[in-house]
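Presented below is the structure to which this report refers.
In the working numbering, the protein residues as written are 13 to 262.
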């Protein structure tokens, strides 16, 4: 069942906060029951508590800690009150996956609200066996990096991609929202796939932050109008260290 009126991003945020009038809340409840794309949009807007905590930690040293903790506790309480609604969202997503497979369609993997989430969705398909068979060929890698960097519109030297402890495997040119996305793939010593991705974002410079997208940890930042992310099922500190090295040279 589709809602009678188009559902805006602002309304979805208000829905998560239970701030809509009861009639509109009920309309969106009904739409979620059958519209898997709406459920995907809503899930993409749900706040990442780990990222929120990381942001809190970053400002705690220079802010009134007691007041901020009280605000964080209040947010957590609101989220607990909305837990049954999030269960409904999760159920709608499960139904959406089943529908997607039943129709034999790849439309379930459509662009999401955030390019970080889209990258996480793609990276979750990787296993160590995906990249392990690739034999590193520095000469070919150098040519491929130069080609993708030119298409991306950002100078990236092959040497700048070399990270101690990570085995650089390949580069691919992807697309999100009509924008090019460069994906540089690595394996860590444990055989865990790690991706470093870059896309034109138009964002101002922002320092490295850490967070979680889907089931993966990530370190992400923006610089000179480009967005960057290092993501994988690895320790957050290892991802941050890799991000720090990459940010220094790119």
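Backbone N, C-alpha and C define an ideal beta-carbon position, used for all residues, glycine too.
| With 16 other Cβ atoms within 10 Å as the buried cut-off, status of residue 261 | As a first step, residue 261 is located in the chain shown; it is residue number 249 there, counting from the start. By the 10 Å Cβ count, residue 261 comes out exposed.
- Query: Looking at the structure shown, is residue 27 part of a helix, part of a strand, or coil, going by DSSP?
  - Reply: Walking along the chain shown from the start, residue 27 turns up at place 15. Reduced to three states, the DSSP call for residue 27 is helix.
| said: Closest to residue 171 by C-alpha separation, out of 140, 129, 158 and 47, would be which residue? | reply: Translated into positions along the chain shown, residue 171 becomes position 159. Nearest of 140, 129, 158 and 47 to residue 171, Cα basis: 158.
- Can you tell me the Cβ-Cβ gap for residue 164 and residue 194, rounded? I've got them flagged as a contact below 8 Å. What you label residue 164 is simply residue 152 of the chain shown in a count that begins at 1. What you label residue 194 is simply residue 182 of the chain shown in a count that begins at 1. Yes, they are in contact, since the Cβ atoms of residue 164 and residue 194 sit about 5 Å apart, within 8 Å.
(request) Could you check what DSSP says for residue 211 in three-state terms: helix, strand or coil? (result) In the chain shown, counting from the first residue as 1, residue 211 sits at position 199. Three-state DSSP puts residue 211 in a strand.
Three Cβ pairs or more, each shorter than 8 Å: is that satisfied between the segment 126-145 and the segment 179-198? yes
Going by the DSSP bridge assignment, what does residue 222 pair with across the sheet? The count along the chain shown starts at 1 and reaches residue 222 at position 210. BP columns for residue 222 point to 231.
For this session: Taking the CB atoms as reference points, tell me whether residue 207 and residue 135 lie closer together than 7 Å.
Result: For this step, residue 207 is matched to residue 195 along the chain shown. For this step, residue 135 is matched to residue 123 along the chain shown. Yes; because the gap between Cβ atoms is below 7 Å, this pair is in contact.
Short of 7 Å in beta carbon distance, which residues of its chain neighbour residue 140, apart from the five on each side in sequence? Order them along the chain.
Start at 1 with the first residue of the chain shown, and residue 140 comes out as number 128. The residues are 199, 203, 204 and 205.
- Task: Classify residue 48 as buried or exposed, calling it buried when 16 or more other Cβ atoms lie within 10 Å of its own Cβ.
- Result: Here residue 48 refers to the residue found at position 36 when the chain shown is read from its first residue. Buried, by the Cβ-count rule.
> Considering only C-alpha positions, which residue in the set 232, 145, 46 and 38 is nearest to residue 179?
Replying inline: Along the chain shown, one-based indexing puts residue 179 at 167. That would be 145, whose Cα lies nearest to the Cα of residue 179.
Indicate the three-state DSSP secondary structure (helix, strand or coil) for residue 140 in the structure shown.
Position 128 of the chain shown, counted from the start, is the residue given in the question as residue 140. Residue state, collapsed to three classes: helix.
Assuming residue 258 contacts residue 240 under a Cβ cut-off of 8 Å, what Cβ separation, rounded to an integer in Å, is found between them?
Residue numbering aside, residue 258 sits at position 246 when the chain shown is read from its first letter. Residue numbering aside, residue 240 sits at position 228 when the chain shown is read from its first letter. So it is a contact: roughly 7 Å between Cβ atoms.
**Request:** Measuring alpha carbon to alpha carbon, tell me which of 55, 127 and 37 ends up nearest residue 215.
**Result:** Your numbering for residue 215 matches position 203 in the chain shown. Ranking the options by Cα distance to residue 215, first place goes to 127.
| task | Determine the direct distance from the alpha carbon of residue 189 to that of residue 29, and round the result to whole angstroms. | result | Numbered from 1 along the chain shown, position 17 holds the residue referred to as residue 29. Numbered from 1 along the chain shown, position 177 holds the residue referred to as residue 189. Near 28 Å, if we compare the C-alpha coordinates of residue 189 and residue 29.
**Q.** Neighbourhood of residue 174 by C-beta distance below 6 Å, restricted to the same chain and skipping five residues each side
**A.** For the purposes of this step, residue 174 is taken as residue 162 along the chain shown, with counting starting at 1. Hits under 6 Å: none found.
Can you give the Cα-Cα distance for residue 168 and residue 154, rounded to whole angstroms?
Locating residue 168 in the chain shown gives position 156, where the first residue counts as 1. Locating residue 154 in the chain shown gives position 142, where the first residue counts as 1. C-alpha separation (whole angstroms): 10 Å.
Secondary structure at residue 45, three-state DSSP: helix, strand or coil?
Position 33 of the chain shown, counted from the start, is the residue given in the question as residue 45. Three-state result, residue 45: coil.
#### Entry: Enclosing beta strand (DSSP E) for residue 315 [first to last residue]
This structure leaves residue 315 out entirely; the chain is present only between 13 and 262.
Residue environment, residue 35, which counts as buried when at least 16 other CB atoms sit within 10 Å: Here residue 35 is taken as the residue at index 23 of the chain shown, counted from 1. Exposed is the call here.
**Asked** Within 7 Å (strictly less), CB to CB, does residue 41 reach chain D?
**Response** Protein chain content of the structure displayed is limited to a single chain, and chain D is not contained in it.
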